[in-house]
Amino acid sequence: SSKIKTTFACTECGAQSPKWAGRCTECGDWNTLVEEITGGDDPADLPLPSTKRSGPMRIGDVPTDLARPISTGIDELDTVLGGGLVAGSVTLLGGEPGIGKSTLLLQLLAARSGTTLYVSAEESGQQVRLRAERLDAIRPDLWLHAETALPHIIQAIDDTQPELVVIDSIQTVADPALSSPPGSVGQVRGCAHRLVTEAKDRNIAIVLVGHVTKDGNLAGPRVLEHVVDTVLQFEGDRHHALRLLRAVKHRFGPTNELGLFEMVGAGLVAVPDPSTLFLADRRTGVPGSAVVPTMEGRRPIVLELQALTNEAMPNVPARRSAQGLDSGRMSMLMAVLGRRGRLKVGEQDIYASAVGGAKVTEPGLDLGLCLAVASAMRDTPLPADLAVFGEVGLGGEVRQVSHAQRRVTEAARLGFKRVIVPAKSPEPDDELGAQVRLIRVQTVIEALRAAG
Ligand code: TYD
Ligand code: MG
5 SSKIKTTFAC
15 TECGAQSPKW
25 AGRCTECGDW
35 NTLVEEITGG
45 DDPADLPLPS
55 TKRSGPMRIG
65 DVPTDLARPI
75 STGIDELDTV
85 LGGGLVAGSV
95 TLLGGEPGIG
105 KSTLLLQLLA
115 ARSGTTLYVS
125 AEESGQQVRL
135 RAERLDAIRP
145 DLWLHAETAL
155 PHIIQAIDDT
165 QPELVVIDSI
175 QTVADPALSS
185 PPGSVGQVRG
195 CAHRLVTEAK
205 DRNIAIVLVG
215 HVTKDGNLAG
225 PRVLEHVVDT
235 VLQFEGDRHH
245 ALRLLRAVKH
255 RFGPTNELGL
265 FEMVGAGLVA
275 VPDPSTLFLA
285 DRRTGVPGSA
295 VVPTMEGRRP
305 IVLELQALTN
315 EAMPNVPARR
325 SAQGLDSGRM
335 SMLMAVLGRR
345 GRLKVGEQDI
355 YASAVGGAKV
365 TEPGLDLGLC
375 LAVASAMRDT
385 PLPADLAVFG
395 EVGLGGEVRQ
405 VSHAQRRVTE
415 AARLGFKRVI
425 VPAKSPEPDD
435 ELGAQVRLIR
445 VQTVIEALRA
455 AG
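Numbering (UniProt numbering), first residue to last: 5 to 456.
And the structure:
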């Protein structure tokens, strides 16, 4: 069927409706419906190829080796993916323009043995080649095709028979068979669907690049997140060299592991000791600074939280600014500090940040943020050899967090001698106990007192 029809698609969730509405009936977002003309050839509408279908099986007979990850050759990426990329799968790498997506993926293709294909739908072949030279990524079995038309891209896959394909970016690929304009929701979704089918049929891994906007959404269609197997998010502050890679959706493994890279002249390199990097510029004896051993997946990272407080203007709501931290969480903690800690936070403008361009949202940070703000308000530094972690509840109680032992160990490794911890944290072993003293607290008030 190739009947032309008009539909409306939600740019947030991808839901389709036959007529326009101010609000998407699927996800409830406002003003997200855009008109689409479809030729009825949307690959999403086509039935799945029946040759690959098999009937029901006993669960124990289902082969397991199909979804085994293959190492990418880049350790940090393997960590995030739980081993590597899975053949037959499609991964979406999202990130702001300029963050380093193309760089990471060229390095990925070069690190992998076997035939790989880089499809550049944004930059010319020369541009990509020059970058590849800088990255030392010139390999005889790395193929490059600068192309935006989907049929030609699939032809290139046919011609080169790669094990791994990168499409940079999915937003600039278009299928002329679809009547919606390039970059539209219909195009992006249609092309992604087709590539998912190709990956499965050929049992190859495909990685799609997707640009995201400032607020972290995939530009246009969030719908891609539902189409692909894995969604990776590449983030960082463009003014810092640090780059954080996380899986936000992963059909084949964990979604809580963090990969850390540094952008240097020769591309992205792994950061083997993030704590040391994060603490490198720390000045001791400054009010408003607290050191927190936090957990990213299975990896402990010690970082510095900074707070600055200033008397608020009268009759104006006090300012609250959180950089690299969850602002809703910060508001809640300030309310707890005010009510349970009896600090006059309501009359203060409060600025807080996680230092080094990190983005962290983990309950173990709560107590550190409270102590940093209290230290700023009292204009008294915390002891230089003190670290702190713990979740803070609405009652002002300090709650246990995961991996207390690993957090303490990492703090001790970096030379901290005292750690304020939730009261019920497990006892450290003798060796650790000799290096560091635990100060157990049950409430925020106790922690404020213990911090001096
Ligand atoms: P890029 O991979 O093009 O970002 P994206 O594909 O996400 O838009 O890289 C972005 C920036 O990284 C670019 O402005 C220059 C810088 N860069 C380096 O510092 N070193 C390098 O080796 C490369 C390739 C890029
Ligand atoms: Mg790019």
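For every residue, glycine included, the Cβ atom is placed at its ideal position computed from N, Cα and C. As the structure is a computational prediction, the values presented were derived from the model and not from experiment.
Expected contact under 8 angstroms - CB spacing of residue i and residue j to nearest Å
i         : j    : result
L272      : R247 : 6 angstroms
I78       : A91  : In fact, because the Cβ distance is near 17 angstroms, the residues do not count as touching under 8 angstroms.
residue 1 : L110 : Because the chain spans 5 through 456 in this model, residue 1 falls outside it and cannot be assessed.
V216      : G98  : 5 angstroms
R382      : G394 : No, R382 and G394 are not in contact; Cβ-Cβ is about 20 angstroms, not under 8 angstroms.
A388      : V423 : Not a contact, Cβ separation roughly 13 angstroms.
Cβ-Cβ distance between residue i and residue j below 9 angstroms
i    : j    : result
E80  : V275 : yes
V213 : S173 : yes
V359 : C374 : no
I208 : L148 : no
V306 : S279 : yes
P426 : R444 : yes
E366 : T298 : yes
G104 : G240 : yes
Q165 : T119 : yes
L337 : D285 : no
One or two residues paired with residue i in a DSSP bridge
i    : result
C14  : L37
P426 : V445
G265 : In the sequence under discussion, the amino acid at residue 265 is Phe, which differs from the Gly named in the question. Paired residue(s): R247, A274.
M299 : P304
S124 : A150, D172
S21  : F12
R27  : W34
Any non-hydrogen atom of the ligand TYD within 8 angstroms of residue i CB
i    : result
T107 : yes
F265 : no
F282 : no
L139 : yes
G104 : yes
P276 : no
A209 : no
E300 : no
R135 : yes
G269 : yes
L361 : Looking at the sequence shown, residue 361 is not Leu but Gly. Every heavy atom of the ligand TYD is 8 angstroms or more from the Cβ of G361, so no.
Outcome for residue i when other beta-carbon atoms lying within 10 angstroms are tallied against a minimum of 16
i    : result
L264 : buried
Q130 : exposed
P22  : exposed
T15  : buried
W34  : exposed
T55  : Here T55 scores only 49 on pLDDT, less than 50, and its place in the model should not be relied on; the value that follows carries that caveat. Result: exposed.
V94  : buried
L52  : Model confidence at L52 stands at a pLDDT of 48, short of 50, so the residue's coordinates are unreliable; what they give is reported in the following sentence. By the neighbour-count rule (16 or more Cβ atoms within 10 Å), L52 is not buried but exposed.
A25  : exposed
Q159 : exposed
D205 : exposed
V412 : buried
L50  : Caution is warranted here: a pLDDT of 48 is assigned to L50, below 50, making its placement in the model unreliable, and no coordinate value can be reported.
G224 : Unreliable placement is indicated for G224, whose pLDDT of 49 sits below 50; the coordinate value is still reported in the next sentence. Buried is the call here.
R226 : buried
L249 : buried
C31  : exposed
G437 : exposed
S335 : exposed
Cβ-heavy atom distance, residue i to the ligand MG, below 8 angstroms
i    : result
E127 : yes
V170 : no
P385 : no
Residue i: CB within 8 angstroms of a non-hydrogen atom of the ligand NAP
i    : result
V216 : The ligand NAP is absent from the structure shown, which contains only the ligand TYD and the ligand MG.
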